[in-house]
Every structure is written in C-alpha cells, then in structure tokens.
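Peer 1: Taking my numbering as reference, the numbering of the sequence shown is continuous, increasing by one, and the terminal residue is 507. For glycine and all other residues, C-beta sits at the position ideal for the given N, C-alpha and C. The structure under discussion is supplied below as structure tokens; questions concerning it will follow.
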Amino acid sequence: MAARSMEELVSLCKRRGFIFPGSELYGGLQGTYDYGPLGVELKNNLKAAWWRSNVYERDDIEGLDAAILTHRLVLRHSGHESTFSDPMVDCRNCKSRWRADHIAGRCPRCGSSDLTEPRPFNLMFKTTVGPVADEESFAYLRPETAQGIFINFKNVLDATSRRLPFGIAQIGKAFRNEITPRNFIFRVRELEQMEIEFFVLPGEDEVWHRRWVGERLRWWQAQGLAADNLVAQPQSTADLAHYSKATVDLLYRFPHGLEELEGIANRTDFDLGSHSRFQAELSLTARVLPNEDSTARLAVQDLASGQWAVPFVIEPSAGVDRGVLALLTEAYAQEQLPGGQQRTVLRLRPHLAPIKLAVIPLARNRPELVDRARAVCADLRALGLGRVQLEDGGNIGKAYRRHDEIGTPYCVTIDFDTLGIGDQPELKDTVTVRDRDTMEQVRIPLSELASWLPGRFAAPRLPDPEQVSG
C-alpha cells in the first residue's frame, strides 16, 4: 500500500536522512529543501535512470548542460517576462499573501474574506551580473531548462550534424519564486527538471506528441509507479501555456491528491521561431545584409529541396523532486509481521535504491567478523553496483529493520560459519543474503556472489504499449 499521508513521508525523510528543510538551523527558508545522505542517492539514481533511458539507449537524443544564469533577452523573447506569472492576492486582515487560484475566496490562515483583487506576480528570480546593480546588468535565474536548449539548438546541430527528428536532453536546476510553496517537495522555489526538447518536421508533431506520451507513461511504470496511480490528462484550451498547441499532463496520486508529475507539450515552432525573428532583427539593425537563412537562423535545411524549416518541438518535462516524492509514495508500506510486530518498508526498485547492499557482521564486538565484512564490502564495491554500506551497528534484527525502512534490496550477513568457526564448518566462505521484500534468506558462496548480484540491479525493460493505462 502506498503512503496515505504526507506526514508519514516527511517523518521518514527527516528521521532516516532523505530530505531536510532548507536552512533549518536558522529557522528554515520556505520552499527549499536539502537532500540528505539517502535522498541524494535516490535523486541521483532517478536522474541516472532517466539519462540512461533517453540518451544512452536511444540513437536520436544528445545531452546538454546549459548555464543557470540567463540573459534577460532570452526570457524576454521566449515570453517569460510578460507571461510567466501567477495571480496573487493579499489578506487585508492578517497580511498574508496567497495564490488566488488556490484559495476559495477566504484566507487559509485567518478565514477572512477581505482580500485584495488578484494581480499578476512574475515568478522569475532576478539577479545582477557584475559589480554595478542597474538595469543594464541584471539577469535571471532560469525558470526552466528549456530555453538553454533552444538557444543552443544551432550549436548542437552544427556540432553533431543531426537530422530531424532528434532531441536534446538536459537535467538541471530551475528557480521559481512561488507565492505559496506547499506539499513538501512537490511545489518548491528551487527545483530540478529532467527535460527533452524533441525537434520534428512541421506536420509530424501530433504523431510524435502521442508517441512521447506513451513513452513517458511506460517509463514511469518501469520505475515502479503503479499504472492505477498514473493518469494521462490533456489540458483544456484555456489552461494551455502561451507556447503550447497541446499538452498532456501525466498525473500521479500523491498523498495530497492527483497532481502533475510530468507534462508533455507540443510547443510548435514558438521558441525557435521567436529567437530566430529577434536574431533577424539584430542583423537588420546592424545593417548586415540578410542571407537566405537569416530569418530562420534556428532552422534546418532540407538537402534535397534546399528549403529551410523551423522545427516543431515536443517537450517531455518532468520534475526530479516530484519524481522522488512519487517514488517514495509508491514504495512506502507498513506491514504486520508474525508475532504482532510491524515493519516499515520502502519497496523501491533495486536500481533506484539509495543503498544497494548492506554488509552486516553478526557481532560488532568480534574483530574477525568486522574485518571480514569490511573485505566483502570492498569486493562488492568493485562491482560498481552503487553504494554498498558496512552496517556494524549491533543487533542484526534492528539492522534488518533499518534497511527495510530505507529501501535496501539485500543485506549480506557475515557470521561465524562464514569464517569456518561456527557449528557448520562446511559453510565456510559462504554468506547469508536476505531479500528486503520477501524477508527470505539464502546461503550463497562468496565466490558466486559477484555473478548472483549484478542482474538484480538492472533497470527493468519498459512494458509494452498495450499495458499502459490512462
């Protein structure tokens, strides 16, 4: 059973070191969170799985890591300066501030209906570049990773000689000055995105849009999200962004309700076209005679016909933080065990688990067991599976419960039989491997452990399209 309340997840994340409130030592900074020792592993594993699936396992996508500081003209001509805003109201009674479309006419803090009229509030963070703070020296922290891809379109095209259709993938931070951050890491001011801009010929965009919706649904299922908890919902015309011809939101059943996990938008040629038109204006202003493609600087040329075309763009854009929250929600379970005991377990897919293996000496006060466990750890780390942890905290039962709760798929126990000094000398150089989900234990020779483990941590293949619901 998935987590039923956000409080369960927040408690687990703080207690076990997944996620901490940002700047907590000084009272916190609303809308920011710090990923702890386990959280950073889960987050990195999710990003690695996304990158592997979209860049390493495909022939039509290149990677990029663009700058966070963004020239103001980029975001002026992308439309962000004029449209990237939310409606804001103030409560005249308690002086609190709210996003107008998220409240029902009354202040959530004091209940007053004495609210100001809604007014647009631009969500972009502005900063200055250089020693002088004036209107000529400011820039923005990027509100999305997409524009860094668009303004590098020609660079990537020239460097790789790609032909349509092809995509550019990027994972990176974005910053949005949310009026009311809420629901833990679901809506924050500093976020991370996994985003693809997939460039296609005009006229082929609708087919590719449908294809990417199915692809992204299948991928999230492969990461462990249940099909019943995922819904593909087209946006209404009134809700579409200024650049979008059509957008499908992939919604997930979070503890606070059914909300967006990822959006797949058909951005048409809006962005490349806007930046191309501005570049053409610059050329004319500088009295440079336009060449044949100057008005389509961010365009591709058909080698057969010689015609230039500004590509249409399909954009699958997912929030890393929302992905982490969805994975924690789906994996969380509380189970009753024989004897009336209860355990909390995170059934994360092994390729996503923060700790892949815990090596546990049966008794920490026996140096020979600890030394052997340390040597086994070193051998397992050499396999490159991910983080392998030496767990020498004492009680074996408590160690199992802790690793169940943080999602460790397997625990490897070093006991006296491993050393050949136990009741069964024939078990020398064998270890006990415990499965997190079934709690079953098997005895495996150390010499076979290296071949037994690796395949169990591979990311599963995507389900067939026919199995995707929604």
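Identify which residue in D195, L110, D71 and I351 has its Cα closest to the Cα of E61.
Peer 2: In the sequence shown, counting from the first residue as 1, residue 61 sits at position 24. Ranking the options by Cα distance to E61, first place goes to D71.
Peer 1: Check whether the stretch 380 to 395 and the stretch 249 to 261 are in contact - that is, three or more C-beta pairs closer than 8 Å.
Peer 2: Yes, they touch.
Peer 1: Between which residues of its own chain and V285 is the CB-CB distance below 6 Å, once the five residues before and five after are set aside?
Peer 2: Taking the sequence shown and counting its residues from 1, one reaches residue 285 at position 248. Same-chain partners within the cutoff: V250, A269, P271 and I301.
Peer 1: Leaving out five residues before and five after G459 in sequence, what residues of the same chain have Cβ atoms less than 6 Å from its Cβ?
Peer 2: Taking the first residue of the sequence shown as 1, we reach residue 459 at position 422. So the qualifying residues of the chain are F453.
Peer 1: Please confirm if the stretch 347 to 361 is in contact with the stretch 221 to 236, defined as three or more CB-CB distances below 8 Å between the two stretches.
Peer 2: Counting Cβ pairs under 8 Å, three or more are found: they touch.
Peer 1: Hey, H108 and A176: beta-carbon distance below 8 Å or not?
Peer 2: For the purposes of this step, residue 108 is taken as residue 71 along the sequence shown, with counting starting at 1. For the purposes of this step, residue 176 is taken as residue 139 along the sequence shown, with counting starting at 1. Yes, these two residues count as a Cβ contact at 8 Å.
Peer 1: Taking the beta carbon of L365 as the centre, do at least 16 other beta carbons fall within 10 Å, making it buried, or is it exposed?
Peer 2: As a working mapping, residue 365 is identified with position 328 in the sequence shown. Counting Cβ neighbours within 10 Å, L365 comes out buried, since at least 16 surround it.
Peer 1: For R129, is the classification buried or exposed, using 16 other Cβ atoms within 10 angstroms of its Cβ as the cut-off for buried?
Peer 2: Start at 1 with the first residue of the sequence shown, and residue 129 comes out as number 92. Under this definition R129 is an exposed residue.
Peer 1: Would you call the CB atoms of Y369 and L46 closer than 8 Å?
Peer 2: Position 332 of the sequence shown, counted from the first residue, corresponds to residue 369. Position 9 of the sequence shown, counted from the first residue, corresponds to residue 46. For Y369 and L46, yes; Cβs fall inside 8 Å.
Peer 1: How is A363 classed by DSSP in three states: helix, strand or coil?
Peer 2: Residue numbering aside, residue 363 sits at position 326 when the sequence shown is read from its first letter. Residue state, collapsed to three classes: helix.
Peer 1: How is the beta strand (DSSP E) around M231 delimited, first residue to last?
Peer 2: By one-based count along the sequence shown, residue 231 stands at place 194. Run containing M231: E227 to V237, per the beta strand (DSSP E) assignment.
Peer 1: Note down, one range per segment and in chain order, each beta strand (DSSP E) of at least 3 residues found wholly within the stretch 58 to 142.
Peer 2: Complete beta strand (DSSP E) runs here, min 3: 70 to 72, 98 to 100, 122 to 127 and 134 to 136.
Peer 1: Would D242 be called buried (16 or more neighbouring beta carbons within 10 Å of its own) or exposed?
Peer 2: Counting from one through the sequence shown, the residue named residue 242 turns up at place 205. Per the 10 Å Cβ criterion, buried.
Peer 1: Checking 8 Å against the spacing of the C-beta atoms, do F221 and E296 come in under that value?
Peer 2: Translated into the one-based positions of the sequence shown, residue 221 becomes position 184. Translated into the one-based positions of the sequence shown, residue 296 becomes position 259. Against a cut-off of 8 Å, the Cβ pair of E296 and F221 comes out as no contact.
Peer 1: Do P157 and D138 have their C-beta atoms closer together than 8 Å?
Peer 2: As a position in the sequence shown, residue 157 is number 120, starting the count at 1. As a position in the sequence shown, residue 138 is number 101, starting the count at 1. Not closer than 8 Å, so no.
Peer 1: In this structure, does DSSP put I392 in helix, strand or coil?
Peer 2: Position 355 of the sequence shown, counted from the first residue, corresponds to residue 392. Coil.
Peer 1: Assuming I397 and E442 are in contact, meaning their beta carbons sit under 8 Å apart, how far apart are those beta carbons, in whole angstroms?
Peer 2: Within the sequence shown, the letter at position 360 stands for residue 397. Within the sequence shown, the letter at position 405 stands for residue 442. About 15 Å; that fails the 8 Å criterion.
Peer 1: For F55, does the three-state DSSP call read helix, strand or coil?
Peer 2: Looking up residue 55 in the sequence shown gives position 18. F55 falls in the coil class under three-state DSSP.
Peer 1: For C147, which three-state DSSP category applies?
Peer 2: As a working note, residue 147 is residue 110 in the sequence shown. The answer is coil: DSSP assigns C147 none of H, G, I, E or B.
Peer 1: Run through DSSP, which three-state label would V177 get?
Peer 2: Here residue 177 is taken as the residue at index 140 of the sequence shown, counted from 1. For the sequence presented, residue 177 should be read as Tyr rather than Val. Three-state DSSP puts Y177 in a strand.
Peer 1: Using the rule of at least 16 other Cβ atoms within 10 Å of the residue's Cβ for burial, across every protein chain shown, is H440 buried or exposed?
Peer 2: Residue numbering aside, residue 440 sits at position 403 when the sequence shown is read from its first letter. H440 is buried by the Cβ-count criterion.
Peer 1: In its own chain, which residues sit with a C-beta less than 7 Å from the C-beta of V347, not counting the 5 before and 5 after it?
Peer 2: The residue you call residue 347 lines up with position 310 of the sequence shown. So the list reads D306, L309, G310, S313, A333, L335 and A336, once near-sequence residues are dropped.
Peer 1: Measuring straight from C-alpha to C-alpha, what distance separates G64 and P145?
Peer 2: For the purposes of this step, residue 64 is taken as the residue at position 27 of the sequence shown. For the purposes of this step, residue 145 is taken as the residue at position 108 of the sequence shown. About 22 Å.
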